[in-house]
Amino acid sequence: MSSVRTSIYLLLGRPLALLPGSSISNILLPIYSLSLLCTCPNHLSLASLTLLLTQATFVISLLCCTTNQARLTVSPSSSQLFLGDFISLSCEEDDRSAGWTLRRNTSKRQRSQCGDGWGKVVGSTCNISYMDQWDSGVYWCESRRGSTSNIISITVVPGGAVILQSPVLPVMEGHDVSLQCKTEDSSELPADFYKDGSLIGTEPTGHMTIHHVTKSDEGVYKCHISSRGESPPGWIVTEKPTPQPPSASSSLHLWFMLLLHLVMFCPYVISTVLMASLYGHRPSGHDLPVSMVMETEQGLDDDYDDVTTERHF
536 MSSVRTSIYL LLGRPLALLP GSSISNILLP IYSLSLLCTC PNHLSLASLT
586 LLLTQATFVI SLLCCTTNQA RLTVSPSSSQ LFLGDFISLS CEEDDRSAGW
636 TLRRNTSKRQ RSQCGDGWGK VVGSTCNISY MDQWDSGVYW CESRRGSTSN
686 IISITVVPGG AVILQSPVLP VMEGHDVSLQ CKTEDSSELP ADFYKDGSLI
736 GTEPTGHMTI HHVTKSDEGV YKCHISSRGE SPPGWIVTEK PTPQPPSASS
786 SLHLWFMLLL HLVMFCPYVI STVLMASLYG HRPSGHDLPV SMVMETEQGL
836 DDDYDDVTTE RHF
């Protein structure tokens, strides 16, 4: 039955809570999960399978029109909550004129919006003061034109159960990730942590930190507290850092350095050109000026006349 719960979570959970740019494998994941669920007919009724098929088709349709004009965030940053917890979901929007609305899809209602029987709207934020198990589902922001934000899955567990607190949104590669395994009455019990079904460590206080995460750290995580039970699975997704445009100060520095090089380089170029020009017009030893040539020729003529006169006498 635990594999069925995992498949249901994978269908409605974190692999689909990605920002724009999701890979095709994440989009096809609901179909794969359904194939797993269909292998357990003894545990699931036809109505349950029909609901899951509806959820899968719906989530895929959301992914097809996902936009980066709005981003859904949640506080506290956890996709697993205890019964009675408070939660605040916000649509961080670039285009306020689009009229973004927070919606959700649960087992009770489909595509319902905040304020319509659940939650309280405060500006672009939706506050839910008491989370019930019926509040488990997928949440997203949707504009009047039908564009959607990233999708976040929320799971509410009853008191006495174990939850794994992990980042809701993708984690930037190179950053640290904190995982916390806790019960409703204690957050510092020894816990075993698992990734993709394999034990990765035991922490005496239920806290685990993954340093400098990379793509290889993506996967399904869960934790187990002895005599308390196992948490629902959680998904960690990473994303590459986006290159930052140069700031105004750095651009000014570049212009200053360019101007400095020009100021230092221009006098050298000008002096070099002048020296080359003067050197090109400098007379050589074999080339006499025209005035000197004329004076030399005149002197030769005078000497010739003197010789002729002496011979005449």
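Reading the sequence shown from the start, the letters are residues 536 to 848 in this note's numbering.
We treat Cβ as the ideally placed atom computed from N, Cα and C, and that holds for glycine.
Residue i vs residue j beta-carbon contact at 8 Å
i, j, result
"V706", "V712", "yes"
"I689", "D670", "yes"
"H710", "V748", "yes"
"V691", "L618", "yes"
"S684", "L607", "yes"
"Q604", "E628", "yes"
"I771", "S701", "yes"
"R763", "L724", "yes"
Classification of residue i by the beta-carbon crowding that lies within 10 angstroms, buried from 16 upward
i, result
"P778", "exposed"
"S766", "buried"
"G654", "buried"
"P620", "Here residue 620 is Asp; the residue named in the question, Pro, does not match the sequence. D620 comes out buried."
"P768", "buried"
"T718", "buried"
"L699", "buried"
"L734", "exposed"
"Y665", "exposed"
"G694", "exposed"
"G652", "exposed"
"G741", "buried"
"L616", "buried"
Pick from the options that is closest to residue i, judged by C-alpha positions
i, options, result
"G672", "S614, T740 and L714", "S614"
"S722", "M743, G654 and Q645", "M743"
"V656", "L624, K643, K750 and L789", "L624"
"T737", "K757, L789 and H747", "K757"
"T641", "S659, I687 and G619", "I687"
"T773", "S751, N662 and S684", "S751"
"G658", "L789, E753, L637 and K643", "L637"
"S612", "K643, D720, Q715 and M810", "Q715"
"E708", "M792, L789, T807 and K775", "K775"
"K730", "P739, L724, I745 and T740", "I745"
"S682", "L616, L793 and C626", "C626"
"V609", "D720, I663, L794 and L813", "I663"
"A726", "T807, P739 and R644", "P739"
Inter-residue CB distance, residue i and residue j (contact presumed, cutoff 8 Å)
i, j, result
"R639", "Y674", "5 Å"
"W635", "C676", "5 Å"
- Can you give, in chain order, each stretch of the beta strand (DSSP E) that sits fully within the segment 633 to 657 and has at least 3 residues? 636 to 641 and 655 to 657
- Item | Length-filtered (3 minimum) beta strand (DSSP E) runs lying within the segment 688 to 756 | 697 to 700, 712 to 718, 726 to 730, 733 to 738 and 742 to 745
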